[in-house]
Amino acid sequence: MLKENMLDSHFHLFHMKKLEMPYMDLIKHSFDEGLVYALDIGINADNFEDRIKTAAELKGLYTAHGYYPSQCNSDDLESELEYLEQTLINDNKAVALGEIGLDFYHDYGSFELQAELVKRQINIANRLNLPVIIHSRNAEAETLKLLDENRVDRAGIIHCYSYSPETAQQFIDLGYNISFAGNVTYKNAGVIKESAAAVPLDSLLIETDAPYLSPQMVRGKRNHPGHIGYTYSCIAELRGIPLIELIAAVKTNFETLFRIS
Numbered sequence: 344m345l346k347e348n349m350l351d352s353h354f355h356l357f358h359m360k361k362l363e364m365p366y367m368d369l370i371k372h373s374f375d376e377g378l379v380y381a382l383d384i385g386i387n388a389d390n391f392e393d394r395i396k397t398a399a400e401l402k403g404l405y406t407a408h409g410y411y412p413s414q415c416n417s418d419d420l421e422s423e424l425e426y427l428e429q430t431l432i433n434d435n436k437a438v439a440l441g442e443i444g445l446d447f448y449h450d451y452g453s454f455e456l457q458a459e460l461v462k463r464q465i466n467i468a469n470r471l472n473l474p475v476i477i478h479s480r481n482a483e484a485e486t487l488k489l490l491d492e493n494r495v496d497r498a499g500i501i502h503c504y505s506y507s508p509e510t511a512q513q514f515i516d517l518g519y520n521i522s523f524a525g526n527v528t529y530k531n532a533g534v535i536k537e538s539a540a541a542v543p544l545d546s547l548l549i550e551t552d553a554p555y556l557s558p559q560m561v562r563g564k565r566n567h568p569g570h571i572g573y574t575y576s577c578i579a580e581l582r583g584i585p586l587i588e589l590i591a592a593v594k595t596n597f598e599t600l601f602r603i604s
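The structure is reproduced here in structure tokens:
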């Protein structure tokens with residue numbers, strides 16, 4: 344299902360490794376089949392260094408480093424934030440800070456603890472002139488308010504978007520791109536489908552969130568960037584536009600946001 348110039352704006356290479364998937368073969372094969380860019384996302388400091396080394400080996404592979412909401416109870420936050428900032432400075436393939444955000448589906452911690460971690464990382468992003476990758480689950484209003492009150496100079500991406508078209512426009516008004524994952528292909532994903540059809544083409548990105556959220560056509564199998572074409576095809580159909588037009592727009596949006604030429 345891969346077509347030339349498709350990309351994956353959000354996946355977790357070392358989560359694929361943890362699941363004992365042939366992660367390097369899969370990502371290399373995806374690039375060979377036409378994938379132009381892939382953004383490997385970090386959620387904690389466990390594998391920052393390994394991910395940097397891996398990205399250096401592959402031309403189209405970029406990185407983002409950050410602390411997920413689950414890290415909000417850290418006993419050593421100051422040193423961890425210093426390490427994050429230094430990692431971003433030292434990694435010449437790093438194009439964003441993330442994944443960061445709010446998650447009230449899981450019991451990661453109070454709003455105050457999660458929001459403080461986000462604010463501290465936004466400060467780093469602004470110091471380094473980087474966009475951010477935002478995770479938001481069961482936290483629609485809280486995420487909007489937090490990002491409105493703590494502006495990121497280069498904004499970023501609301502990843503794996505699951506809210507309404509109206510909320511999407513509010514994030515776009517703050518400068519953010521909206522990224523859709525494989526769950527847009529699910530039969531019960533009515534609101535997500537509405538948003539994928541409505542988001543302006545110049546604010547839209549597409550991701551796998553691999554190894555999670557396999558598209559409906561391969562649901563039950565572990566996900567990887569080679570499955571991104573199923574999501575592209577679904578969104579092109581929802582929008583009633585040629586697949587080639589969607590591919591070109593998403594590529595332009597990615598290159599513009601991350602200043603890749």
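Letter 12 of the sequence shown, counting from 1, is numbered 355 in our numbering, and no numbers are missing. Every residue gets a Cβ at the ideal spot worked out from N, C-alpha and C, and that includes glycine.
- Contact annotation: residue 423 and residue 410 have beta-carbon atoms nearer than 8 Å.
- Residue pairing by DSSP places residue 502 opposite no residue, since no beta bridge is assigned to it.
- In this structure, residue 524 sits away from residue 581, with a CB-CB distance that is not shorter than 8 Å.
- Non-local beta-carbon contacts of residue 390 in its own chain, meaning distances under 6 Å to residues more than five positions away in sequence, involve 357 in chain order.
- Relative to residue 486, the option among 595, 431, 497, 506 whose CA is nearest is 506.
- When secondary structure is reduced to three states using DSSP, residue 358 falls in the helix class.
- The continuous beta strand (DSSP E) containing residue 521 extends over residues 520 to 523.
- Residues 356, 357, 383, 385, 406 of the same chain have their beta carbon placed closer than 7 Å to that of residue 394, with the five preceding and five following residues left out of the count.
- Under DSSP, residue 477 shares a beta bridge with 443, 501.
- Note that the stretch 559 to 573 touches the stretch 368 to 382; at least 3 beta-carbon pairs, one per stretch, sit closer than 8 Å.
- Taking C-beta atoms under 8 Å as the contact rule, residue 354 and residue 551 qualify, at a distance of about 5 Å.
- Pairing residue 445 with residue 345, the inter-Cα distance amounts to about 32 Å.
- Going by C-alpha positions, residue 560 is about 39 Å away from residue 472.
- Within the stretch 403 to 459, the complete beta strand (DSSP E) segments of 3 residues or longer fall at 404 to 408, 437 to 446, listed in chain order.
- Of the candidates 360, 533, 381, 590, 381 places its Cα closest to the Cα of residue 402.
- Here residue 549 has 352, 522, 523, 571, 574, 575, 578, 593 as same chain residues with Cβ atoms under 7 Å from its own Cβ, once five neighbours each way along the sequence are excluded.
- Looking at the DSSP output, residue 366 bridges to nothing.
- Secondary structure note for residue 380: its beta strand (DSSP E) is the uninterrupted segment 380 to 384.
- DSSP places residue 515 within a helical segment (H, G or I) once states are collapsed to three.
- Check the Cα spacing between residue 514 and each of 362, 542, 350: the tightest is with 542.
- Judged by DSSP secondary structure, residue 584 falls outside any alpha helix (DSSP H); it is assigned neither H nor E.
- Boundaries of the beta strand (DSSP E) harbouring residue 549: 547 to 549, taken from the DSSP string.
- Between residue 360 and residue 553, the alpha-carbon positions lie close to 11 Å from each other.
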